[in-house]
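These notes concern the structure reproduced below.
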Amino acid sequence: MRVHARIPATSANLGPGFDALGLALALYNDVEAQESDGVTVIVEGEGAGQLPTGADNVVARGVRLAFDAAGRPFKGVALRCANRIPPARGLGSSAAAWVGGLVAGNALAGGSLTNDALLSLATRAEGHPDNVAAALLGGLTVSCPGEDGAVTAVSLPLPEHLVWVVLVPTITSSTAEARAVLPETVPRGDAIFNVQRVALLLAALQMRRPDALAKALDDRLHQPYRRALFPWMPAVAQAARRAGALGCVLSGAGPALLALAAGDGSAVARAMETALRAAGIKGHARAYAVDTVGATVTPLSGATRA
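Numbering (my numbering), first residue to last: 1060 to 1365.
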């Protein structure tokens, strides 16, 4: 059996929704997978020549994890990964790899694992649920892990007239580094500030209230601390707002930025690129639609090319 999996890029946090919100974007990694003796991985596109091509590849690890969870013996897998999600930019490349491996492995192992089971497996592998929930389910997801390890996630619809402009700098950042700058505790006022704004953000999106989004995207839990890593972020965010963006936030752990805009977002994209270039950093911005489907897997005919 040979299968094809498609997994969307994701942007987590969305300002105040730290470790709780995730957004699936119409930018995809594709995985072709077939059972084989041993593990072989071909990587094309983003990460080619850099990502592992053996059993330590994250997609391959995800396939094995699905087999183990399904109680099926794992002989190996032949993988071809066509990557378009840039790694180490805050767009969920690691989550896409885990989810891609899990859904492909589940299909190869007989498809016995539910989405809830896959979500819990992906969360344990990734360490937190926000990106993996969006990658698996699509749309805007709200996710919450329980004390028993099970994850509850809900995918919400979004206004179709809004676009999400992503600025991807050429520089990279690690999630571990971005988390290391965060304090262990925060002032009560900052916690209340974020609770109010994440509630307002969800309400404003559901009720189509663009006038409330600028205030709703403010944050005090992670972005103020991460500015030490990305000192150019305030200037780029300000340029995006001047060009008409309703708000501009760090995408995940960065360094990518995510701006919310009406229309086609082209003016916002150019403004963000110009401001980043003024800081001495190259980058590219473009508007993406929201992926509303999440990870998909389909059977393929013929032998894998890997």
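Every residue gets a Cβ at the ideal spot worked out from N, C-alpha and C, and that includes glycine.
Of the listed residues the options, nearest to residue i (C-alpha basis)
i       : options                            : result
Leu1215 : Asp1096, Gly1135, Ala1192, Leu1180 : Ala1192
Asn1142 : Arg1123, Pro1067, Leu1196          : Pro1067
Arg1061 : Asn1116, Ser1179, Gly1081, Leu1138 : Leu1138
Phe1126 : Gly1160, Ser1152, Leu1288          : Gly1160
Gly1339 : Gly1322, Ser1179, Glu1091, Phe1289 : Phe1289
Asp1309 : Leu1080, Gly1113, Leu1217          : Here the sequence assigns Leu to residue 1309, which means Asp is not the residue at that position. Cα-wise, what sits closest to Leu1309 is Leu1080.
Asn1165 : Ala1092, Leu1082, Ala1321, Phe1077 : Ala1092
Gly1097 : Ser1360, Ala1320, Val1136          : Val1136
Trp1157 : Ser1171, Ser1179, Arg1148          : Ser1179
Ser1171 : Leu1196, Gly1130, Ser1153          : Gly1130
Asn1072 : Ala1337, Arg1256, Arg1247, Ala1209 : Arg1256
Arg1120 : Thr1231, Ser1070, Thr1099          : Thr1099
Asp1323 : Val1245, Trp1223, Gly1113, Gln1297 : Trp1223
Thr1173 : Pro1204, Gly1113, Gly1198, Ala1209 : Ala1209
Ala1307 : Ala1275, Ala1287, Val1245          : With the sequence shown as reference, residue 1307 is identified as Cys, and Ala is not the correct amino acid for it. That would be Ala1275, whose Cα lies nearest to the Cα of Cys1307.
Pro1314 : Arg1247, Ala1237, Asp1089          : Ala1237
Pro1204 : Glu1219, Asp1175, His1343          : Asp1175
Gln1297 : Leu1316, Ala1258, Ala1262, His1281 : Leu1316
Ala1273 : Ala1262, His1281, Leu1280          : Ala1262
Thr1231 : Asn1253, Lys1341, Arg1267          : Lys1341
Val1201 : Val1213, Gly1104, Val1240          : Val1213
Ser1233 : Asp1115, Leu1124, Ala1064, Gly1149 : Gly1149
Helix, strand or coil at residue i according to DSSP, with G and I counted as helix
i       : result
Thr1234 : helix
Gln1109 : coil
Thr1333 : helix
Pro1067 : strand
Phe1126 : helix
Trp1157 : helix
Glu1078 : According to the sequence provided, residue 1078 is Asp. The question's Glu does not apply to it. Strand.
Leu1276 : coil
Thr1244 : coil
Glu1206 : coil
Asn1072 : strand
Ser1095 : coil
Leu1178 : helix
Val1308 : strand
Val1136 : strand
Gly1149 : coil
Val1352 : coil
Arg1131 : coil
Leu1196 : helix
Leu1288 : coil
Asp1189 : helix
Ser1325 : helix
Gly1121 : helix
Arg1183 : helix
Pro1216 : coil
Asp1270 : helix
Pro1314 : coil
Arg1294 : Here residue 1294 turns out to be Ala, not Arg, going by the sequence shown. Residue state, collapsed to three classes: helix.
Ala1365 : Residue placement at Ala1365 cannot be trusted, given a pLDDT of 33 that sits under 50; what the coordinates show is reported in the next sentence. Ala1365: coil per DSSP, three-state reduction.
Leu1172 : coil
Ala1239 : helix
Bridge partner(s) assigned by DSSP for residue i
i       : result
Ala1250 : DSSP output for Ala1250 lists no bridge partner at all.
Arg1345 : Val1225
Leu1089 : Here residue 1089 is Asp; the residue named in the question, Leu, does not match the sequence. Per DSSP, Arg1065, Ala1141.
Glu1012 : This structure leaves residue 1012 out entirely; the chain is present only between 1060 and 1365.
Asn1044 : A question about residue 1044 goes unanswered here, because the residues of the chain that appear run from 1060 up to 1365.
Leu1259 : Paired residue(s): none; Leu1259 is not in a bridge.
Ala1320 : Val1222
Pro1358 : Val1062
Ala1302 : Beta-bridge pairing links Ala1302 to no other residue.
Thr1211 : Cys1203
Ala1083 : Thr1069
Integer Cβ distance of residue i from residue j, believed to fall under 8 Å
i       : j       : result
Val1162 : Ala1326 : Actually they are not in contact, since the Cβ atoms of Val1162 and Ala1326 sit about 37 Å apart, beyond 8 Å.
Gly1074 : Asp1207 : So it is not a contact: roughly 29 Å between Cβ atoms.
Ala1085 : Asp1249 : Rounded, the Cβ-Cβ distance is 33 Å, inconsistent with contact.
Val1225 : Tyr1347 : 6 Å
Pro1132 : Gly1106 : So it is not a contact: roughly 29 Å between Cβ atoms.
Ala1337 : Ala1320 : Actually they do not touch by this definition, with Cβ atoms about 20 Å apart.
Val1352 : Gly1197 : 5 Å
Gly1151 : Ala1181 : The Cβ separation is near 11 Å, so there is no contact.
Ala1287 : Val1240 : 6 Å
Neighbour flag for residue i against chain D, beta carbons, 8 Å
i       : result
Ala1107 : Reference to chain D is not applicable here, since this structure consists of a single protein chain.
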